[in-house]
Structure formats: structure tokens, C-alpha cells
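Residues in the sequence shown are numbered consecutively from 4, following the numbering used here.
In this text, a Cβ means the ideal position worked out from N, Cα and C, and glycines have one as well.
Comments concern the structure below.
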Amino acid sequence: MPSVKNPNHRSKNRLAAQANKAKKVRQKRSEENKHKIAKSDAQRGARPGLMPNSGPNAPLSKKKAKKLEKKIAHAIRRKMAEDGEVEMADLEEDEDAEEEKPVNEVEMDNIA
4 MPSVKNPNHR
14 SKNRLAAQAN
24 KAKKVRQKRS
34 EENKHKIAKS
44 DAQRGARPGL
54 MPNSGPNAPL
64 SKKKAKKLEK
74 KIAHAIRRKM
84 AEDGEVEMAD
94 LEEDEDAEEE
104 KPVNEVEMDN
114 IA
């Protein structure tokens with residue numbers, strides 16, 4: 004004889020555990036659909052407002068971003084040199100263009 008009250012159905016504990024598991028899965032699915040975060044990114048720690056820690060969608064570190072910016076700038080300079088466009092580094096801007104226009108000053112002493 005089995006030592007349970009009714010061997011023909013699952014116990015309360017098993018039913019509760021199964022319901023909790025189903026609830027957890029349901030919540031996870033609805034959250035994924037709501038935020039449109041890729042499953043692979045979510046596995047790497049991505050949440051709403053947080054980027055993943057690794058992988059192709061991870062944010063660049065400041066150091067890598069600087070290096071990439073330098074690399075791109077160098078490539079642009081090479082392309083410009085190849086096309087024959089030379090950047091004039093020593094060109095002085097017109098002083099006439101930089102003249103400051105007088106600002107209309109208002110007297111504040113006559114205010115009632």
C-alpha cells in the first residue's frame with residue numbers, strides 16, 4: 004500500500020509547484036514580448052534600460068570607443084588624401100567674420 008492519502012492524483016505540494024512554474028514561465032514570456040529584448044541578450048544580463056554584458060550588442064568601453072574613433076578618422080584622412088582633398092590645418096579664419104555684434108543694452112535703473 005502506498006503511504007499517501009490518495010494515490011490517484013497529485014499532492015497539493017506538487018500541484019502548487021507546477022502552478023508556480025507555469026506562472027513563472029508565463030511572466031517571462033510576456034515580459035520578453037513587452038520589452039522586445041532578444042533572448043540571447045537577456046541571457047547575457049540585458050533588461051529594460053540595461054545593455055547586455057557581452058556579445059555584439061554590448062556597449063563599447065570608453066577605451067575601445069576612442070580607438071575606434073581614431074581608426075575611423077584616420078581612414079577618412081586617407082580617403083581624402085586619395086581623392087586629392089587636403090585639409091588646410093594652418094588656414095586662418097577671416098577676422099571680419101568673427102567681429103562681435105554690439106548687444107542692445109537696457110538700462111535697469113529706470114524700472115519702477
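Beta bridge counterpart(s) of residue i as assigned by DSSP
i, result
"residue 50", "53"
Straight-line Cα distance separating residue j from residue i
i, j, result
"residue 65", "residue 72", "10 Å"
"residue 83", "residue 42", "42 Å"
"residue 58", "residue 46", "10 Å"
"residue 9", "residue 19", "17 Å"
"residue 62", "residue 34", "22 Å"
Exposure label - residue i; buried when at least 16 CB within 10 Å
i, result
"residue 55", "buried"
"residue 44", "buried"
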